[in-house]
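Just so we're aligned: the sequence shown equals residues 610 to 949 in this note's numbering.
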Amino acid sequence: MAVKTKKDPAHQVGYFEKLPTHIRDLRDTPPDVFEDVSFTDWSSLRWARVNRPYKVDKWAKGKELWEQEHDQAMPVKEGWKHFNYHFHQLFLKDVPHEKKEARKELFASLGSLDVHGAGEALQELVQLLVWNKVHRVEDAIWDPRGKRALFEGLDLNKPNVLFLGAADGYEAMQLMAQYPGGHAVLVDYDAFCKTDRFGKFPLQYPFLGNNPATGSPAVYYRDDFNIDFEVKDIRDLNYGKEFDVVVSIGLIEHFPDEYKHEAFDMHRRFLKAGGYAILTTPRNQLRSRAFYTVMSDYMNYGYRELMDIYQMGLYAWENGFDILRAGYIKAHNGLICKVR
Ligand SMILES: C[S@@+](CC[C@H](N)C(=O)[O-])C[C@H]1O[C@@H](n2cnc3c(N)ncnc32)[C@H](O)[C@@H]1O
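Here it is as structure tokens:
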């Protein structure tokens with residue numbers, strides 16, 4: 610049986626710490642980072658009014674090289690393998706140390722008039738500065754405060770959770786901290802997610818949730834949760850309607866419009882009657898466009914849309930979901946839905 614991570618006594622409500630790789634944030638005070646637009650009348654929205662999502666069209670150099678070498682478009686799954694590998698490297702970076710090294714390299718190249726080297730060093734430094742801001746200042750990727758706000762107040766008791774395209778599994782863990790005692794199945798067809806992104810997720814990372822026995826806040830770690838990770842194509846799952854929650858984080862924006870119904874169908878197929886579909890997608894805002902431009906070599910190995918909450922909600926509404934909660938967290942739009 611797995612040994613449980615020992616609870617750090619410092620990990621109490623209000624705790625905040627910035628590590629070289631990431632932030633730990635157990636603050637539960639305002640300002641909340643959830644901007645609520647749940648009052649929207651989705652039935653009266655029209656595409657002509659909300660426009661279609663923005664399509665990211667700057668590709669990773671690695672994708673272009675792969676395509677030249679193989680003389681074919683990069684297959685979708687291959688793209689995800691590249692994405693997961695490269696994105697994961699960012700989470701491993703000791704950012705302050707690497708920033709120092711990149712600055713040294715830049716000045717050394719400039720000193721020896723190595724223009725090419727200086728260009729590369731500068732690009733690396735800019736990427737580090739952007740990553741630092743997004744992940745170590747704003748904490749916009751994991752965004753525990755926003756996700757807690759999005760997930761709070763659901764009618765769930767020891768839920769059975771299915772996470773489609775789970776990557777590092779972060780949101781399933783946040784959900785299980787808020788609704789403890791349940792079970793989650795994480796599904797991703799890239800085995801690297803099981804072995805590394807989830808498999809090596811920091812064991813001491815604290816998730817703020819609840820203790821249902823006392824009604825008080827409680828802190829959990831990865832190993833406190835009952836999680837199975839299935840390496841499988843989500844289109845090949847053969848579960849029944851057995852999940853209280855089906856969640857995806859950054860999945861449906863990778864399906865062009867002609868396939869969107871398939872993506873939504875996967876959120877419906879395995880839900881118990883009355884279960885929740887929880888979805889988020891990256892926001893279409895200037896800073897997100899800048900992120901996917903500067904970080905293209907890490908991120909852009911396949912089709913990706915950036916949308917706003919009204920576009921996202923309209924997709925969900927058109928695909929047969931009632932929207933209970935809708936709004937913006939830091940970098941994503943979020944929806945809590947039930948099948949209509
Ligand atoms: C953009 S990622 C989700 C973002 C995620 N929160 C992260 O931190 O990277 C989408 C994940 O879905 C997985 N995925 C995409 N299509 C899939 C499919 N058909 N079956 C299983 N997993 C899939 C990818 O491998 C990837 O890990």
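Don't be surprised by glycine CBs; every beta carbon is placed ideally from N, CA and C. Quick caveat: nothing in here was measured; it's all calculated off a predicted structure.
So, using beta-carbon positions, are residue i and residue j closer together than 7 Å?
| i | j | result |
| --- | --- | --- |
| residue 997 | residue 752 | Here the chain has residues from 610 to 949 only, and residue 997 is not among them. |
| residue 617 | residue 625 | no |
| residue 775 | residue 795 | yes |
| residue 552 | residue 644 | Because residue 552 is not part of the residues shown, which for the chain are 610 to 949, the question remains open. |
| residue 664 | residue 867 | no |
| residue 918 | residue 893 | no |
| residue 669 | residue 905 | yes |
| residue 890 | residue 916 | yes |
| residue 705 | residue 815 | no |
| residue 881 | residue 924 | no |
| residue 730 | residue 707 | no |
| residue 879 | residue 855 | yes |
| residue 613 | residue 832 | yes |
Give the C-beta separation of residue i and residue j to the nearest angstrom, bearing in mind that I take them to be a contact with Cβ-Cβ under 8 Å.
| i | j | result |
| --- | --- | --- |
| residue 770 | residue 793 | 4 Å |
| residue 756 | residue 790 | So it is not a contact: roughly 19 Å between Cβ atoms. |
Given that a residue counts as buried once 16 or more other Cβ atoms are within 10 Å of its Cβ, and exposed if not, what is residue i?
| i | result |
| --- | --- |
| residue 883 | exposed |
| residue 926 | buried |
| residue 847 | exposed |
| residue 845 | exposed |
| residue 860 | buried |
| residue 638 | exposed |
| residue 909 | buried |
| residue 656 | exposed |
| residue 671 | buried |
| residue 849 | exposed |
| residue 619 | exposed |
| residue 930 | buried |
| residue 623 | exposed |
Since residue i is in the beta strand (DSSP E), which residue starts that stretch and which ends it?
| i | result |
| --- | --- |
| residue 857 | 852 to 858 |
| residue 634 | 632 to 634 |
| residue 935 | 930 to 937 |
| residue 819 | 816 to 820 |
Return the CA-CA distance between residue i and residue j, expressed in angstroms with no decimal places.
| i | j | result |
| --- | --- | --- |
| residue 811 | residue 759 | 23 Å |
| residue 843 | residue 725 | 43 Å |
| residue 719 | residue 727 | 6 Å |
| residue 661 | residue 693 | 27 Å |
| residue 684 | residue 857 | 21 Å |
| residue 646 | residue 928 | 19 Å |
| residue 640 | residue 678 | 50 Å |
| residue 696 | residue 754 | 22 Å |
| residue 716 | residue 840 | 45 Å |
| residue 621 | residue 851 | 34 Å |
| residue 682 | residue 690 | 15 Å |
| residue 777 | residue 735 | 25 Å |
| residue 784 | residue 738 | 30 Å |
| residue 747 | residue 733 | 20 Å |
| residue 802 | residue 627 | 25 Å |
| residue 799 | residue 806 | 10 Å |
| residue 958 | residue 946 | This structure cannot settle anything about residue 958, because the visible part of the chain is limited to 610 through 949. |
| residue 912 | residue 813 | 34 Å |
Does at least one heavy atom of ligand 2 sit under 6 Å from the Cβ of residue i?
| i | result |
| --- | --- |
| residue 798 | The ligand content of the structure shown is limited to ligand 1, which means ligand 2 is not among them. |
If you follow the alpha helix (DSSP H) that residue i is part of, which residue opens it and which one closes it?
| i | result |
| --- | --- |
| residue 649 | Premise fails: residue 649 is in no alpha helix (DSSP H) and is neither H nor E. |
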